[in-house]
Amino acid sequence: MSEIKNFDRLFRLDGKVALVTGGERSSFPSRRSQKVIITARKAEGPEGIGQAVEKLNKISGIKGHAMGIPAYVSNEAEIIRLAKKIEQEDGKLDILVANTGATWGSTFEDAPDQASEKILNLNVRGVFLLAQNSAAGRTVPHTGENGTIMYAVSKAAATHLGKNLAIELGPRNITTNVVSPGFFPSKLASGLIDILGGTKELEEANPRKRLGEPDDIAGVMIYLCSPSASYINGVDISVDGGMMHKAGRFARL
233 MSEIKNFDRL FRLDGKVALV TGGERSSFPS RRSQKVIITA RKAEGPEGIG QAVEKLNKIS
293 GIKGHAMGIP AYVSNEAEII RLAKKIEQED GKLDILVANT GATWGSTFED APDQASEKIL
353 NLNVRGVFLL AQNSAAGRTV PHTGENGTIM YAVSKAAATH LGKNLAIELG PRNITTNVVS
413 PGFFPSKLAS GLIDILGGTK ELEEANPRKR LGEPDDIAGV MIYLCSPSAS YINGVDISVD
473 GGMMHKAGRF ARL
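As structure tokens, this is what we get:
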């Protein structure tokens, strides 16, 4: 049997600096990395990054720390400002988690153009600009699987963008992979969960008999950002309990 070198380091993120967009509800890199920078439009309030930073820094057993930088990541000038701020503070960025997303609830006929523009700017163009301006060692677009028509279009584009970034950035020792979660209770998903029958119905339909939990995503993200995934590049990982294999479940969409 081949010897595994440095086994104790496979899932460690010691010394790594991570940026998580839409990070007011995200914590997974902070459990392992030296520093996690979270960014979102709102700085204060119950959905602002200030409260998220405070919560992350209170978690026991974590050697690293969190900080927040407010920015709107569908705006090129804001993204450039964010990248320069990180460069000044840390001199590097090892991990980028493009977690921010937008959707719009409407029928096909009634979907306004400004909503499509907002969704594509944030979910696709913003991801590209973040990757272009940060060039982190691990890039993980966060795509999701189901939503309104333009949301689905934008996430399909983000997934394909991730695969192309894997080819483009691979020679620079940068891996790019996509995480496609199923239903996780959240503000963004709540409307669609209700349309599909509610939490209990979706739990019963899922092969795991439950919806996603934060630790389900955390484990995948830590793996993709760690040395153990250094040869994983350009893949799309579904984190949905096996729901994607139940054909026809989302016909109502």
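Per the working numbering, the sequence shown runs over residues 233 to 485. For glycine and all other residues, C-beta sits at the position ideal for the given N, C-alpha and C.
Just to check my reading of the structure: Cys457 and Ala250 have Cβ atoms closer than 8 Å, yes? What is that Cβ distance to the nearest angstrom? That belief holds up - the Cβ atoms of Cys457 and Ala250 are roughly 7 Å apart, short of 8 Å.
By Cβ distance below 8 Å, which residues in the same chain neighbour Glu435 in space, the five residues on each side in sequence not counted? Only Lys441, Arg442 and Leu443 meet the Cβ criterion.
Could you compute how far the alpha carbon of Asn365 sits from the alpha carbon of Lys350? Each residue's Cα considered, the two are about 20 Å apart.
C-beta contact flag for Val467 and Asn405 at 7 Å: For Val467 and Asn405, no; Cβs fall outside 7 Å.
Beta-carbon spacing of Lys324, Ile301 below 7 Å: Between Lys324 and Ile301, the gap from beta carbon to beta carbon reaches 7 Å or more.
Report the partner residues of Asp468 according to the DSSP bridge assignment. Asp468 is bridged by DSSP to Val410.
Classify Lys287 as buried or exposed, calling it buried when 16 or more other Cβ atoms lie within 10 Å of its own Cβ. With fewer than 16 Cβ atoms within 10 Å of its Cβ, Lys287 is classed as exposed.
Can the beta-carbon of Ile311 be found closer than 7 Å to that of Leu393? In this structure, Ile311 keeps its C-beta atom at 7 Å or more from the C-beta atom of Leu393.
Using the beta-carbon count (16 or more within 10 Å), is Arg241 buried or exposed? Burial call: exposed.
With 7 Å set as the bound, which would you pick, yes or no: does the beta-carbon of Lys432 sit closer than that to a beta-carbon of chain C? Of the protein chains in this structure there is only one, and it is not chain C.
In this structure, does DSSP put Ala298 in helix, strand or coil? In the structure shown, Ala298 sits in a strand (DSSP, three-state: E or B).
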